[in-house]
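*Asks:*
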Amino acid sequence: MTELTPYRAGHGPVSGMQDGPAWARPAQGGLGAAIGRRKGLLIGVTLVVFALGAGLILAQPPRYRAEAVLVLEPREGNQFAAGTVDRTALLTEAGLLRSRDLASQAVQELGLAGNPDTLAADGNPLLYWTGLTMDAARRALADLMSEPMLASPTSDPLERGTDAYLDRLSVTPADGARLLTVGFTAADPALAARAANLTAQLYLEGRTTRRDSAAERAGRWLSQKLDSLRADVLESARRLEEYRRRSGVVEVGGNSLQRDQLSQVSTQLVAAVAQRTEAEARAQQVRRLLDRPGAIDSASIVLNTELVRELRLQEAAIQRRMAELRTQYREEHPRLIEAQAELEELRGTIAQEVRKLVASLENEAEVARVRERALQLEVERLTALVEGQNEAEAAIRALEEELRTRTQLYEAVLTRANESELAQRAQQGFDARLVSAAAVPRQAAQAAGWGSWLLAAAVALLSGLLAAGLAGRRRTRFADAADLEAETGLPVL
Numbered sequence: 001m002t003e004l005t006p007y008r009a010g011h012g013p014v015s016g017m018q019d020g021p022a023w024a025r026p027a028q029g030g031l032g033a034a035i036g037r038r039k040g041l042l043i044g045v046t047l048v049v050f051a052l053g054a055g056l057i058l059a060q061p062p063r064y065r066a067e068a069v070l071v072l073e074p075r076e077g078n079q080f081a082a083g084t085v086d087r088t089a090l091l092t093e094a095g096l097l098r099s100r101d102l103a104s105q106a107v108q109e110l111g112l113a114g115n116p117d118t119l120a121a122d123g124n125p126l127l128y129w130t131g132l133t134m135d136a137a138r139r140a141l142a143d144l145m146s147e148p149m150l151a152s153p154t155s156d157p158l159e160r161g162t163d164a165y166l167d168r169l170s171v172t173p174a175d176g177a178r179l180l181t182v183g184f185t186a187a188d189p190a191l192a193a194r195a196a197n198l199t200a201q202l203y204l205e206g207r208t209t210r211r212d213s214a215a216e217r218a219g220r221w222l223s224q225k226l227d228s229l230r231a232d233v234l235e236s237a238r239r240l241e242e243y244r245r246r247s248g249v250v251e252v253g254g255n256s257l258q259r260d261q262l263s264q265v266s267t268q269l270v271a272a273v274a275q276r277t278e279a280e281a282r283a284q285q286v287r288r289l290l291d292r293p294g295a296i297d298s299a300s301i302v303l304n305t306e307l308v309r310e311l312r313l314q315e316a317a318i319q320r321r322m323a324e325l326r327t328q329y330r331e332e333h334p335r336l337i338e339a340q341a342e343l344e345e346l347r348g349t350i351a352q353e354v355r356k357l358v359a360s361l362e363n364e365a366e367v368a369r370v371r372e373r374a375l376q377l378e379v380e381r382l383t384a385l386v387e388g389q390n391e392a393e394a395a396i397r398a399l400e401e402e403l404r405t406r407t408q409l410y411e412a413v414l415t416r417a418n419e420s421e422l423a424q425r426a427q428q429g430f431d432a433r434l435v436s437a438a439a440v441p442r443q444a445a446q447a448a449g450w451g452s453w454l455l456a457a458a459v460a461l462l463s464g465l466l467a468a469g470l471a472g473r474r475r476t477r478f479a480d481a482a483d484l485e486a487e488t489g490l491p492v493l
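If you're matching positions, the sequence shown starts at 1 in full-length UniProt numbering and goes up one per residue.
Shown next, in the form of structure tokens:
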């Protein structure tokens, strides 16, 4: 077979230059042009690969989901336990349930460590077989190149089984309740139920182990704490007795004459302050009313005075008599003039009585102020006498309180130790228990979704593009000029 190349007159074979007429240029586009010339191959490979993927998807076995329910409850009798388990605690326990160590232990107990593909095969077949193919290619390439770094990171059966186990395990905290739902999905319904129950069981056993370990640590801490508290109690007792001998105060808190007097005078001072405040307020009110014409007549303090009230009654009687006289006489009549004079005299008397009332109120306020000052001086004198005695008693009280606090703390810790309750203080504030074990599901929970079909279509399309591109790029020889023109779309000279 003769290898032919496009020829341009006067320049020899085409060397990749872009000048010259358009009909004499080589086909452009590289891989894209090669794929475009292999549309049939592209469509064929895509359909074949998609058909294989569809077969794998349709052959996917049904998957079953089993669920076990755990409840978190505040521990009874624990003074440090919260009344409720908050959302943070639920999320923390959910993380422990999905921990890799617990999943690895479950894989080993279920016997999946020796056959990790048991879980992987019941997932998406397309992903599964694609993963196996890539792992095999990676291992073969690593053997050829003697490069252990190219080996699959999931070549360990236990690690692969743990990854597959975690993919199918879900832990969901309930909203508004202290519940954790442990779910497991598998093609085998019995395996799904066993895995969910085993996960919950291993979690509860782990809590028990941690609780026992915490109790042991608390016991060691208790022994050291009791020795320290006992030494503190003895030291406080020694200091208290020594200070009592130096100060001469044997009993603290007893009533003395100075304290009784101070209490009584303080009570009188409080009453005097209230009396003075009230007297000043009444005097100030009456003074303000005097500055406003007619306002003093309606003041309650004036109306409540017996003499002023009688004078007001007389004033009202004179006003009624004058009203009757006006119906009979003119204003210049002697009887009306006499009644008017009598009214003015009476009003002057009322004003004089009001002024006397104001002076009386001011005197009362001044007397209250003088009495308050005297009581204040007496309180200060008695306070100075009592303070001297209080200094020694205050120091003794502090020492007694220190001794009492340390003694109570020592007794409390000792009681906790005797009743084996101290270990509970080092534990978490709640217990967990299984309220609903997972039953073997009877109906499948999941079917192949759109994700599987989209993945199959993407893999098929990529396979077709790759096949068409490789086929177009690898052809470098042609049978004759007609074959070359058909391939490149250019005339051969």
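Glycine included, every Cβ here is placed at the ideal spot set by N, Cα and C. All values reported here derive from a predicted model rather than from experimental measurement.
1) Taking residue 88 as the reference, give the member of 161, 48, 157, 175 with the closest Cα.
2) Would you call residue 440 buried or exposed, if buried means 16 or more other Cβ atoms sit within 10 Å of its Cβ?
3) Between residue 351 and residue 261, what straight-line distance do the alpha-carbon atoms span, to the nearest angstrom?
4) Within 8 Å, do at least three Cβ pairs link the stretch 397–411 to the stretch 37–51?
5) Kindly identify the DSSP beta-bridge partner or partners of residue 436.
6) Take residue 245 as the anchor and find which of 392, 275, 191 has the nearest alpha-carbon.
7) Identify the residues that DSSP records as bridge partners of residue 64: which are they?
8) What residues in its chain sit with their C-beta under 8 Å from that of residue 276, if we drop five residues either side in the sequence?
9) Applying the criterion that 16 or more other CB atoms from any shown protein chain within 10 Å of the CB defines a buried residue, is residue 452 buried or exposed?
10) In the DSSP output, what is residue 171 paired with across the bridge?
11) Kindly list the residues whose CB is nearer than 7 Å to the CB of residue 362, restricted to its own chain and excluding five residues on each side of it in sequence; keep chain order.
12) Less than 8 Å between the CB atoms is what I'm expecting for residue 103 and residue 158, so what's the real figure, rounded?
13) Decide if residue 236 is buried, meaning its Cβ has at least 16 other Cβ atoms within 10 Å, or exposed.
14) I'd like the span of the alpha helix (DSSP H) that includes residue 327, first residue to last.
15) For residue 431, which beta-bridge partners are listed by DSSP?
16) Would you kindly work out how many angstroms separate the C-alpha atoms of residue 319 and residue 354, rounded to a whole number?
17) Going along the chain, which residues of its own chain have a beta-carbon closer than 6 Å to the beta-carbon of residue 189, five neighbours each way excluded?
18) Against chain C, with Cβ distances strictly below 8 Å, would residue 413 count as a contact?
19) So residue 185 and residue 168 are in contact, right, with Cβ under 8 Å, and what is the actual spacing, rounded?
20) Classify residue 157 as helix, strand or coil using the three-state DSSP reduction.
21) Per the contact definition of three or more C-beta pairs closer than 8 Å, is the stretch 313–332 in contact with the stretch 402–413?
22) To which residues of the same chain is residue 198 closer than 8 Å at the C-beta, ignoring the five residues directly before and after it?
23) Since residue 73 contacts residue 430 with CB under 8 Å, what's their CB separation in whole angstroms?
24) Starting from residue 352, follow the alpha helix (DSSP H) in both directions and report where the run begins and ends.
25) At the level of alpha carbons, what is the spacing between residue 161 and residue 226?
26) Going by C-alpha distance, which of 414, 340, 281 is nearest residue 222?
27) Rounded to a whole number of angstroms, what is the C-alpha to C-alpha distance between residue 179 and residue 113?
28) Does the beta-carbon of residue 388 have 16 or more other beta-carbons within 10 angstroms, so that it is buried, or is it exposed?
29) I need the straight-line Cα distance from residue 339 to residue 309, nearest angstrom please.
30) Measure the beta-carbon distance from residue 258 to residue 382 and round it to whole angstroms, keeping in mind my assumption that it falls under 8 Å.
31) Look at the alpha carbon of residue 327 and the alpha carbon of residue 359, and state the distance between them as a whole number of angstroms.
32) Report the three-state DSSP secondary structure of residue 86 (helix, strand or coil).
33) Starting from residue 106, trace the alpha helix (DSSP H) both ways and give me its first and last residue.
*Replies:* This is what the structure gives:
1) Considering only 161, 48, 157, 175, the residue with the shortest C-alpha distance to residue 88 is 175.
2) exposed
3) 46 Å
4) no
5) 69
6) 392
7) Beta-bridge pairing links residue 64 to 186.
8) 365, 368, 369, 371, 372
9) Per the 10 Å Cβ criterion, buried.
10) Within the DSSP secondary-structure output, residue 171 pairs in a beta bridge with 182.
11) 283
12) Between residue 158 and residue 103 the Cβ distance is about 10 Å, and since that is not below 8 Å, they are no contact.
13) buried
14) Segment: none, residue 327 is in no alpha helix (DSSP H) and carries neither H nor E.
15) 73
16) 20 Å
17) 64, 440, 441
18) Protein chains in the displayed structure number just one, and chain C is not present.
19) 5 Å
20) helix
21) no
22) Counting only Cβ-Cβ distances below 8 Å, and skipping sequence neighbours, we find 106, 109, 110.
23) 6 Å
24) For residue 352, the uninterrupted alpha helix (DSSP H) segment begins and ends at 334–418.
25) 50 Å
26) 414
27) 30 Å
28) exposed
29) 20 Å
30) 6 Å
31) 41 Å
32) For residue 86, the three-state secondary structure derived from DSSP is coil.
33) 100–109
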